[in-house]
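Below you'll find the structure, written out as structure tokens, and then a few comments.
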Amino acid sequence: MDWHVPERHLDAYVSGEIGDPQAWSVESHLVECAMCADRVAQTVANTELARRIESVRERVLSHTSGAAHPRTAPESRTAISWSRIRRLLASAPALRLPWLVAAVFVVACAAALSLLSSGPEQAGSVLLLNAPLLPLAGVALSYGPGMDPAYELTLTTPYSGLRLLLLRTIGVLAVTIPLLLGTSFVFPTGGISAVAWLLPCLALVLVTLLLGSWIEHRLAAVLVGAAWCSAVLMPRFLLVVDVSRVFDPLFQLIWGGVVVLSTVTLIGRRSAFDRMAG
Amino acid sequence: MVTVRVDGLRARYGGKLALDGINLRMGAGIHGLLGPNGAGKTTLMRTLATVARPSEGSVELLGHDTAQQDGRKRARRRLGYLPQTFGYYPGFTVAEFVEYMAWLKEMPKDRVPEAVERAIERVGLVDRAGSKLKKLSGGMLRRAGIAQAIVNDPELLLLDEPTAGLDPEQRVEFRGLLRDIGSTNTVVVSTHLVEDVAIACDEVTLFDGGKLIFRGTPNELAELGTFGADDARGGDTTLERGYTAALRAYRERAVA
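Chains as they are written, first to last, in this note's numbering: chain A, 1 to 278; chain B, 1 to 256.
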């Protein structure tokens, strides 16, 4: 563009002293020329109009988000914003109040069971062996078709499916792990460390997420939960075998290996999370 | 300019072949997808929305190949979609939900509040912007769904049965909105209401049994029906008669 609004026209336009025909030609130029629009904005900023414009602007914006925005917010697409994260998490069913109530109830039942069981050695493992299943249930409830009502909609957005899934998983773990940890510190664990279930729990969750890149997320959680039940819980309660060895140092090493391996594979499979499974 | 380019598309839905060899080109304007239930309209919409994976063929949206992850991501920034079953979070307000979708669409942060207000205003829900979604009627929910679809000023807008649940007055307003958006962008509307197509669309594409059987203007579709005007089975309007005539002709050809 080789023509721009001359300085005196600009001043006359801002102060309202310009004639109608000239005002029209300035306005039609402003629509197309960002440079002159900026010059007008700067000139206005030095007049007494500035405060009124700012207050109108703030009132309009406060309608949408309830908060005033600065005149020029820096564009930051990846910056962490707490209100955003809260909203991303709140959309997960597992983080809503009814589910939390149910979780507290389950933990209370497990604790009661461990108290009623015969002998402190037996009692402790009941709680610890069941502990990994609660976070797993929460993870199952927080993503995927049938669980997330807007799942199909979120798939059509550029936001990474894996990022959303991980964010919600962290949300679930941040609620359930302190709950279980608190319980296992308070109640007798029969000589097993109260934190022994953490690594197996993390391993189960990560294997679920990874499996969810091939099959439906919820199905993956059910399969992993069932595998834990048939490998650990059933032998313990039906056959009365001592399975507390899964918390031994050697096994912990294996769980740790599963965690690392599935994390690496999961990152490699990230593109599978932005379309429907299957 | 061609914004949607579909070549040799085959797609499955629930294990069944729902789209069989579709070739399609679309540009700016309002495109209506018509067809009986099970014709493959929704599967086509879900494929265009990059949700469903094609079993064969290619889908290019706004110049991006959707087979590539990067291409999908770029196309999705400029896409708006209202699914047939609009899933929402009952505890969110209209404004919160539209804002949430604007974030997921990776809109620049400073543009979000204004875009949210504008989208809600365009669907006429300003006085309910603070209401929770679970408190809304069916028609209002549909409009909230349209608001989230248009919040990023999409260059490709896909609406699956958008007029379901709208009363006649809202339908008129909605068509005005469509024309507004369709004057510069590509709008694809799937519907089972022949009248929607007649009034709002620039172009009609008719599907049956997963195949594309007719493509043309609403007038050209109506012309097909003029031959059987005395045959009341065909429908009450020329467009309805054109619709049934096109279906019948296709099915007779398929049997022969």
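Positions of the beta carbon are idealized from the N, C-alpha and C atoms, including for glycine.
For Ser160/A, the three-state secondary structure derived from DSSP is coil.
Each residue's CA atom was taken as its position, placing Arg168/A and Ser91/A some 9 angstroms apart. The CB of Asp38/A never comes closer than 8 angstroms to any CB in chain B; the least such distance is about 16 angstroms. Exposed is the label assigned to Glu7/A, since fewer than 16 other Cβ atoms lie within 10 Å of its Cβ. Going by C-alpha positions, Asn23/B is about 51 angstroms away from Pro200/A. A residue is called buried when at least 16 other Cβ atoms come within 10 angstroms of its Cβ; Lys134/B does not meet this threshold and is exposed. The straight-line gap separating the alpha-carbon atoms of Ala222/B and Ser213/A is approximately 47 angstroms.
Restricting attention to Gly138/B, Arg253/B and Val6/B, the CA atom closest to the CA of Pro54/B is found in Val6/B. Around the beta carbon of His31/B, a 10 Å sphere encloses 16 or more other beta carbons of the protein chains shown; the residue is thus reported as buried. Taking 4 residues as the shortest admissible run, the stretch 162–207 of chain B contains the following complete alpha helix (DSSP H) segments, listed from N- to C-terminal end: 168–182 and 194–200. A contact between stretches requires three or more CB pairs, one per stretch, nearer than 8 angstroms, and the stretch 144–151 of chain B meets this requirement with the stretch 114–130 of chain B.
Straight-line measurement puts the Cα of Leu198/A at about 12 angstroms from the Cα of Gly182/A. Among the residues of the stretch 136–156 of chain A, those with a Cβ less than 8 angstroms away from any Cβ of chain B are Asp148, Pro149, Ala150, Tyr151, Glu152, Leu153, Thr154, Leu155 and Thr156, in the order of the chain. One finds Asp148, Pro149, Ala150, Tyr151, Glu152 and Leu153 in chain A with Cβ atoms closer than 8 angstroms to the Cβ of Gly87/B, taken in chain order.
At a cut-off of 8 angstroms between C-beta atoms, Glu106/B counts as an interface residue with respect to chain A.
For the stretch 50–70 of chain B, residues whose beta-carbon sits nearer than 7 angstroms to a beta-carbon of chain A comprise Thr50, Val51, Ala52, Arg53 and Gln69. Per DSSP, reduced to three states, the secondary structure at Met26/B is strand. In the three-state DSSP reduction, Ile177/A falls in the helix class (H, G or I). Look at Gly139/B here: in three-state DSSP terms it is helix. In this structure, DSSP gives Asp242/A a state outside helix and strand, which the three-state scheme calls coil.
For Lys134/B, the secondary structure class from DSSP, reduced to helix, strand or coil, is helix. For Ser271/A, a Cβ of chain B is located within less than 8 angstroms of the residue's own Cβ. In this structure, the alpha-carbon of Gly190/A lies about 7 angstroms from that of Ser125/A.
Scanning chain A for C-beta atoms nearer than 7 angstroms to the C-beta of Leu79/B yields Thr156, reported in chain order.
Separation of Val139/A and Gly161/A (C-alpha to C-alpha, rounded to the nearest whole angstrom) is 14 angstroms.
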